[in-house]
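Here the protein sequences line up with chains A and B, keeping their order.
Just so we're on the same page, the working numbering is the position in the first sequence counted from 1, plus 7.
Just so we're on the same page, the working numbering is the position in the second sequence counted from 1, plus 43.
Notes for the one structure printed next.
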Amino acid sequence: MQRNYAEDFPILKNSTSNGKRLVYLDNAATTQKPASVINAIRDYYESSNANPHRGAYPLSERATELYEGARQRVADFLNAAGPDEILFTKGTTEALNFVASSFAMDIVNEGDEILISIAEHHSNLIPWQMVAKAKGASLKYLYTDAKGELTEEELDAKISPRTKIIAVAHVSNVLGIVNPIEKIVGRARQVGAAVVLDIAQSLPHMKVDLQALDVDFAAFSGHKLYAPMGIGVLYGKRQHLSKMRPMLYGGGMVEDVSQQEAVFLEAPYTFEGGTQNVEGAVGLHAAIDYLMGIGYDEIKGIEDELSLYVVEGLLNNPHVILYGNSHPHNRTGILSFNIEGVHPHDVSTILAADGVAIRSGHHCAHPLMRHLGVNATCRASLSFYNTKEDIDIFIESISKVRRWLRLESK
Amino acid sequence: MNLNEIYTEIIAEHSTSSRNRHPLEEASIKLEGKNPSCGDEIVLELLIKEERIEDAAFTGSGCAISQASTSMMIDLIKGKTVMEARQLAELFSAMIHKRVSDESQLAPLEEAAALQNISNLPARVKCAVMPWRTLEAATEKQPLE
C-alpha cells in the first residue's frame, strides 16, 4: 500500500475548511510545509539563532554553519559547480529582477533582442520589459502552439544573432508543460545568447541538473518547494557572477570600507547585503532533505497517477474545457480549465464550500491568457501528498457548479 | 459559508438576464469598469437628462456576482436622480463593507440587498462593488458631446 504523505503535513491533518477536510489543490501557488521543515525552523530559533558571519562566538558560528550548509545543500541538489554559484534571495521574483538589473542591463544594447515565451509568469516578463525599454532593445516572444508547446520551428524563427538573452520557464505555471530547454540552450549557444531559466514550477516535481542543462542563470522559490516563504535561490555561472554589480550595498557584503571607498566581498557574499534569512535557508535545507528522502521517482510516480486520474475526471464532464496538452504525463500536475458558462471565481467560491482550494484568475500571466483567448481560468495543481480521495471530492464539487448558477436543473 | 446564501435564485437570475445587458445608443455617459485581477469587465452607459437617470444599460462579462450586481444596480437607479443614485452607491458600499447591516436601513437597495452576504467573502467583495464604483465615477464625468 502506497504511503500517504499527507500524514507528514500538520495542516493537511488538522485543518478544516468550511467545516470540511481541507482538499488543497493550489500547490503551484504555494505548497504546505512538512513537520520536518517546521521543526527545523523551531530548532534553529531554540538552539542556533545568532547573526551569521558576524560574531566570533559559538552561537554565531553555528548560525553561519547552518546558513552555509544550506547553500552547499542547494548547490549539490541542483548540481551547481559550487556553493559560490548559489545566492539566497527572497524568491524567484527577486532573483529574476536581480539578473535583469545587474546582468542584462550591462550586456543588452540598443537593437538587441530579449526573447521570452508568451507563457511566462509576470516575474519573468516585466523585468525584461523594463530592460528592453531602458536599453532600446526589443522584447520578442516565443508563442506556444495549440497544445501549449514551443515548437522547434518557433525556436528557429525567433532565436537570431541579435538575441542576447532568452528567459523561459522550465515548466509553465498555467499549462504545466515542460519546455524544451536543451533545444533552447543549444540554439542560444550558437548565437551567443545567455539563458535564464525559471525553475520555480519544475523543481518541486523533477530533477533539475543545472550543469547538464548548461543554463546561465536559474531561479526558484522555496515556498513552492515545501520550504518557507521569503527564501529563494538564484543560481548563476561563476563567469557571470564575478562581473556583476551588487544590488544592495551595506553590511555583510564588504571586505573593507573607508570614508570614500569600499572593497566588496566576492560572490555569493557580495550579493547578500544585510542580515540574511537564515531561518528560511534552514527550512529550505530541511525541505530538500525531506524531498530527497522520498525521491523524485516516487514523487513523479504518485503525481503522474493523480494527473491521469484528475484529467479523466475532468474530461468526463462535458462542460469542462481543459487548456494545454491533453496528455496527462506532460502536465506536471497543473490543470488549467474552465467550466462552460461560469466565471472561474464563481467556480473557486463554490469549490471552497466543499473544502476544496484551487486558484482562479490569470495566474500572473496576462499575456498568456490573451494568447489563449480567455479572461481567466481555474487551476488545480497537485502534489504527491494529494490522494485519489482529494480528486474525487474535487471532481464531485466541479459537477455541482453549474447547478448552483441555475445553468442546469437541480 | 453557505452557498445558498450566496448563489441565490435572484442572483442567478440577474447574472444571466439580458434585460439590462445591451448597448444604449442615446447614452450621455459611458464608462468602463474593471477588476483587472479577475477579468470582470463592464461598460456602463447612462442617459442623464436634467440630473435624472432616464435610462441605463451595460455590456461586458465577468463572474456571476459582478454581473448580477450590475444588473440589480441598473434596475434600481433607472428613474432616480444622480444624487439619489450616488447615495444608493454609498449605501451599497456600506453594506458590503459591513458598516450598515440593519435590514430597514438597507431597504432602499431593494433587490441589491440580496448581495449582503458577499460581505462575508472578502475575496469576492470587489466583484460586487465594481459596478457601483463605476457608477460613482460615471456620474462625476462630464457628459458626452
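Just so you know, even glycine gets a beta-carbon here, dropped at the ideal spot from N, CA and C.
Looking only at its own chain, which residues have a Cβ that is under 6 Å from the Cβ of A:I357, when we skip the five neighbours before and after it?
V408, W411
Work out the CA separation of A:S416 and A:L315 for me, nearest whole Å.
30 Å
Could you spell out the range, first to last residue, of the beta strand (DSSP E) harbouring A:F271?
269-271
Buried or exposed for A:I365, going by 16 or more other Cβ atoms inside 10 Å?
buried
My guess is that A:Q283 and A:F95 are in contact by the Cβ rule of under 8 Å, so how many angstroms apart are they, rounded?
6 Å
Have a look at A:G199 and A:V192 and give me their C-alpha separation to the nearest angstrom.
10 Å
In three-state terms, what does DSSP make of A:D163?
helix
When you check each C-beta in the region 102-124 of chain B against every C-beta of chain A, which residues fall closer than 9 Å?
S104, G105, C106, A107, I108, S109, Q110
Distance, A:S390 Cα to A:L248 Cα:
34 Å
Taking Cβ-Cβ distances shorter than 9 Å, what residues in chain B pair up with A:I357?
L46, I49, Y50
Give me the chain A residues within the contact set of B:S58, using Cβ-Cβ distance strictly less than 8 Å, ordered along the chain.
L412
Proximal residues to A:R194 (C-beta, below 7 Å), its chain only, five neighbours per side dropped
L162, I166
Cα-Cα, which of A:R49, A:A174, A:Y31, A:M299 is closest to A:V106?
A:A174
Rounded straight-line distance, which links the Cα of A:G320 to that of A:N332:
16 Å
Give me the DSSP bridge partner(s) of A:R386.
A:S343, A:R366
Pull up the distance between the alpha-carbon of B:M103 and that of B:E84, whole angstroms please.
Here the sequence assigns Gly to residue 103 of chain B, which means Met is not the residue at that position. For B:G103 and B:E84, the distance between alpha carbons rounds to 5 Å.
Closer than 8 Å between beta carbons: that is the criterion. Which residues of the region 20-41 of chain A meet it against chain B?
N25
Tell me, please, whether the region 170-187 of chain A touches the region 369-384 of chain A by the rule of three or more beta-carbon pairs shorter than 8 Å.
yes
For A:D205, which residues from the same chain have a beta carbon less than 8 Å from its beta carbon, with the 5 sequence-adjacent residues on both sides left out?
T99, L103, E127, H128, S130, N131, A174, V175, A176, H177, A225, A226, F227
Can you list the residues of chain A that B:A171 reaches, using a CB-CB cut of under 9 Å?
What B:A171 touches in chain A: nothing, since even the nearest Cβ is about 11 Å away.
Going by other Cβ atoms of all chains shown within 10 Å of its Cβ, with 16 needed for buried, is B:M126 buried or exposed?
exposed
For the alpha helix (DSSP H) containing A:F391, name the first residue and the last one.
Looking at the DSSP string, A:F391 is not in any alpha helix (DSSP H), and its letter there is neither H nor E.
Please list, in chain order, the residues of the region 377-411 of chain A that have any C-beta partner in chain B closer than 7 Å.
N382, A383, W411
Counting only runs that start and end within the region 149-227 of chain A, where is the beta strand (DSSP E) found for 3 or more residues in a row?
170-176, 201-205
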